[in-house]
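Engineer:
2 protein chains.
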Amino acid sequence: MRIITSITQLRKVLNQVRRKGKTIGFVPTMGYFHEGHLSLMRQAKRDTDLCVVSIYVNPAQFGPQEDFKKYPRDLKRDSSMARKENVDILFVPSDNVIYSEGYLTYIDVEKISQWLCGRFRPGHFKGVATIVAKLLNIVWPDVLYLGQKDAQQVAVLKAMVRDLNFPLKVKVVATKREADGLAMSSRNKYLLSDHRRQAPVLYRALQQARRMVKSGEHSSAKIKAMIQSMIKHQSSGKIQYVACVHTDTLQELKTLEGKILIALAVFFGKTRLIDNVVIRLHARKQHKS
Amino acid sequence: MRIITSITQLRKVLNQVRRKGKTIGFVPTMGYFHEGHLSLMRQAKRDTDLCVVSIYVNPAQFGPQEDFKKYPRDLKRDSSMARKENVDILFVPSDNVIYSEGYLTYIDVEKISQWLCGRFRPGHFKGVATIVAKLLNIVWPDVLYLGQKDAQQVAVLKAMVRDLNFPLKVKVVATKREADGLAMSSRNKYLLSDHRRQAPVLYRALQQARRMVKSGEHSSAKIKAMIQSMIKHQSSGKIQYVACVHTDTLQELKTLEGKILIALAVFFGKTRLIDNVVIRLHARKQHKS
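What follows is the structure, encoded as structure tokens:
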């Protein structure tokens, strides 16, 4: 595994790879790896000839009150984990390489960046879209790998890739979970032990929602009420939102049908956790065939 | 010359070209060619192996009160002119190819998009940056050719290319002028004959400004006053703005030094004309060496 910090150097190496007709899989991350990141790397290794992983804690996607400064960073640990996954290139750009003096350009994926998490984290998805566009122009991958845990990020980046004609495929990999169901996240390390014990209620509530939807409950209001009630009764978590939306457009659904995303954000103490479940319901047939 | 309308088809052809190690020069246009466009094509032909010219009248860069509908279009004339310049590929995407249903993504180059023309054409440079980013992702050129007449467009697109790490060079080609000095523009055809006779005052005023600056007048206020006075006395043009700014940052200069852009926008009847001159003044030496 090569660790590369310079854009010029990375491009030189990747141009050689591309000239040989090899395909490139790309996993953008903020580091502090867990099984979720590793599963993206494994998928990239399976699908493509060369796996590039980037680590960059992107200041543009943190709000002024958020945890940019204390976001966990451990390059030694990360590079040893990536090496075990046979990652080919670890790209670790420094800050002044990414946002040089006089930086001015931002990408806005309208509407879908404003809803769900976007309501509470203004500017977050603008920061995400911008850094990913930059990294795509640097790496020029054939396939971009994203984790399903960040469902809104998936929707925003898929829309950006489609709208700006980035010539690549986006592949979404299932959320990795702890044994008790808690979605893996670099932020789980912030949780106090009490909160850590309570946090799996999020997954239990989402699983319960899936079962209800599958057995015929298609009222968004009822599903949301059930989730909220479970979280309130079984934990001290403070709900920021629970939403039932279309997976791609993120438009609110009143009646659940088609590609459904049930997503939530809940605070345990100061730690904000997100999780979601995707359900596909086939529309009722209009005619007999 | 091939005329291509489909993105998939264009990519297929250009991938073959790239695989042979050939370089691609790209000239994005809104069509209705004049000598200015042709000089960009000639430069691309000189510098690179394959010249791609796009024609697309981009709705996203026109304001609601602007001339999108009546903007001149003549593909037959344009393709015959491009053929004479030995353009290799003319890319003429249709509207639904470029902005598909549910389009959401826009690129904003902050600050420098808001000044000069941007003050009077809100959203214009967002539309320009967005369409050019899309075209760059479709064409993947080695060199992007832009005309100096649109000086703010040059500054905005150079900033975007730098900030978003597009792996290409930007080459700016000098403004082409009519015999009497009027900068060539597809919009000149709108001019009534009386206004057409008066319009060269813009160039005369800019030339006079250049002479004054070169002979030691470094007060932006005095230069602007001279330009405004010339235009008012020698024409019926209505001035929208006259500005002295830094060529790249577009920041207002009070004292003229370094890379100076003197730019103006003037209405003749309903037709808005822009023009500019770039002057380089070496900063006065601080010490004797």
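As you go down the protein sequences, you meet chains A and B in turn.
Position 178, counted from 1, in the first sequence is what our numbering calls 1056; the numbers after and before it change by one each time, with no gaps.
Position 264, counted from 1, in the second sequence is what our numbering calls 1142; the numbers after and before it change by one each time, with no gaps.
All C-beta atoms in this analysis are idealised placements derived from N, C-alpha and C, irrespective of residue type, glycine included.
For V1091 of chain B, which residues from the same chain have a beta carbon less than 6 Å from its beta carbon, with the 5 sequence-adjacent residues on both sides left out?
Structural biologist: L1134, I1157
Engineer: According to the neighbour-count rule (16 or more other Cβ atoms, all chains shown, within 10 Å of its Cβ), is D952 of chain B buried or exposed?
Structural biologist: exposed
Engineer: Taking the alpha-carbon positions, what's the Q1031 of chain B to F1003 of chain B distance?
Structural biologist: 7 Å
Engineer: When burial is assigned at 16 or more other CB atoms within 10 Å of the CB, is G1005 of chain A buried or exposed?
Structural biologist: Its Cβ being crowded by 16 or more others within 10 Å, G1005 of chain A is buried.
Engineer: Any beta-carbon of chain B closer than 7 Å to the one on L1042 of chain A?
Structural biologist: yes
Engineer: Using only alpha-carbon positions, find the residue among A:T1125, A:L1131, A:Q1112, A:S1093 that is nearest to K1102 of chain A.
Structural biologist: A:L1131
Engineer: Report yes if the CB atom of T907 of chain B is closer than 7 Å to the CB atom of L1042 of chain A, and no otherwise.
Structural biologist: no
Engineer: Ordered along the chain, which non-local residues of its own chain (more than five positions away) have a Cβ less than 6 Å from that of K1027 of chain B?
Structural biologist: T1053, A1061
Engineer: With 7 Å set as the bound, which would you pick, yes or no: does the beta-carbon of V1039 of chain A sit closer than that to a beta-carbon of chain B?
Structural biologist: no
Engineer: Which residues of chain B have a Cβ atom closer than 9 Å to the Cβ of I1016 of chain A, listed in chain order?
Structural biologist: Within chain B, N1043, P1045 have C-beta atoms less than 9 Å from the C-beta of I1016 of chain A, given in sequence order.
Engineer: Could you tell me how far apart the beta carbons of F1145 of chain A and Q1118 of chain A are, in whole angstroms, since I believe they sit closer than 8 Å?
Structural biologist: Rounded, the Cβ-Cβ distance is 6 Å, consistent with contact.
Engineer: Suppose contacts are defined by Cβ-Cβ distances below 7 Å. Is I1105 of chain B in contact with V1079 of chain B by that definition?
Structural biologist: no
Engineer: Under DSSP, the alpha helix (DSSP H) around G996 of chain A begins and ends at which residues?
Structural biologist: 995 to 998
Engineer: Is there at least one Cβ from chain B nearer than 7 Å to I1157 of chain A's Cβ?
Structural biologist: No - not a single Cβ of chain B is within 7 Å of the one on I1157 of chain A.
Engineer: Quick check on Q1170 of chain B: does DSSP put it in helix, strand or coil?
Structural biologist: No answer is possible for residue 1170 of chain B: the residues shown for chain B start at 879 and end at 1167.
Engineer: Does the Cβ of Q921 of chain A have 16 or more other Cβ atoms within 10 Å, making it buried, or fewer, making it exposed?
Structural biologist: buried
Engineer: In chain order, what residues of the same chain lie with their CB nearer than 6 Å to the CB of K1047 of chain B, ignoring the 5 residues before and after it?
Structural biologist: V1021
Engineer: So if DSSP puts V1048 of chain B in a beta bridge, which residue, or which two residues, is it bridged to?
Structural biologist: B:L1022
Engineer: Taking three-plus beta-carbon pairs below 8 Å as touching, is the segment 942 to 949 of chain A in contact with the segment 970 to 990 of chain A?
Structural biologist: no
Engineer: At a threshold of 6 Å, does Q939 of chain B count as lining the ligand ATP (C-beta to nearest heavy atom)?
Structural biologist: No copy of the ligand ATP occurs in the structure displayed, which carries no ligand at all.
Engineer: Should E913 of chain B go down as buried or exposed, given a rule of 16 or more other Cβ atoms within 10 Å for buried?
Structural biologist: With a 10 Å radius around the Cβ and a threshold of 16 neighbouring Cβ atoms, E913 of chain B comes out exposed.
Engineer: Can you tell me whether H1073 of chain B is buried or exposed, with buried defined as 16 or more other CB within 10 angstroms of its CB?
Structural biologist: buried
Engineer: Shortest alpha-carbon distance to I1138 of chain B belongs to which of B:D925, B:G1147, B:N1154?
Structural biologist: B:N1154
Engineer: Out of curiosity, what's the CA-to-CA distance linking S1167 of chain B and L1159 of chain B?
Structural biologist: Interpretation of S1167 of chain B is limited by its pLDDT of 43, a score under 50 that renders its predicted location unreliable; no figure is taken from the coordinates.
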